[in-house]
Amino acid sequence: MYVPLRHTHPNTLAHTGTQLLFRWGMHVFKMFDTDINGSLDSKELANALKKLPKTRPFNLPPGTKMMTIDDLINTLDSDGNGSVSQVEWISNLNKCVGLAQCLADNLDAQGNLPGFEGSHLTSDTPDVAQ
């Protein structure tokens, strides 16, 4: 979706950015949700993180510490049921700065992460190059 910046009201840009982040977040969630049940457990999150590069993400704020799987689940899981729903993922990913930056660093232009080609994914990927 192309939005010409010089003719766009700032509220429209913010809304467009929010929609793109939501679509991107949902797409990444679907890549991680390998059993397609609409939630991530610690095993799915651990398996997904194993596929990500082992290098420290670029542009991390000074002093940012990488979180363990348990720390990530505890931070993302708002209702405390031991798994992360789509809503919790979208709402809380910003609290996991290292993970969010790692994901952002490794997305390709189509919004995909290398190593996450799954038959359970649909073609509703956001175009992050827009």
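Mapped onto the working numbering, the consecutive letters of the sequence shown carry residue numbers 1074 to 1203.
In this text, a Cβ means the ideal position worked out from N, Cα and C, and glycines have one as well.
The DSSP-derived three-state label of L1186 is coil. A contact between stretches requires three or more CB pairs, one per stretch, nearer than 8 Å, and the region 1142 to 1149 meets this requirement with the region 1107 to 1127.
Judged by beta-carbon spacing, C1175 lies within the 8 Å limit of P1130, meaning their Cβ atoms are closer than that value. Excluding its 5 nearest sequence neighbours in each direction, V1170 has C-beta neighbours in its own chain below 8 Å: L1133, P1134 and T1137, listed in chain order.
Residue environment: A1121 is assigned as buried (16 or more neighbouring CB atoms within 10 Å of its CB, all protein chains considered).
Excluding residues up to 5 positions away in sequence, S1158 and Q1159 lie with their Cβ nearer than 8 Å to the Cβ of G1111 in the same chain. Separation of Q1183 and H1100 (C-alpha to C-alpha, rounded to the nearest whole angstrom) is 11 Å.
Between S1164 and S1151, the gap from beta carbon to beta carbon is short of 8 Å. Excluding residues up to 5 positions away in sequence, L1113, Q1159, W1162 and I1163 lie with their Cβ nearer than 8 Å to the Cβ of F1102 in the same chain. The shortest CA-to-CA distance from A1119 to any of K1168, P1187 and L1172 is the one to L1172. Following the DSSP letters along the chain, one finds C1175 inside the alpha helix (DSSP H) bounded by residues V1170 to N1179. In the structure shown, S1112 falls within a strand segment according to DSSP collapsed to helix, strand and coil.
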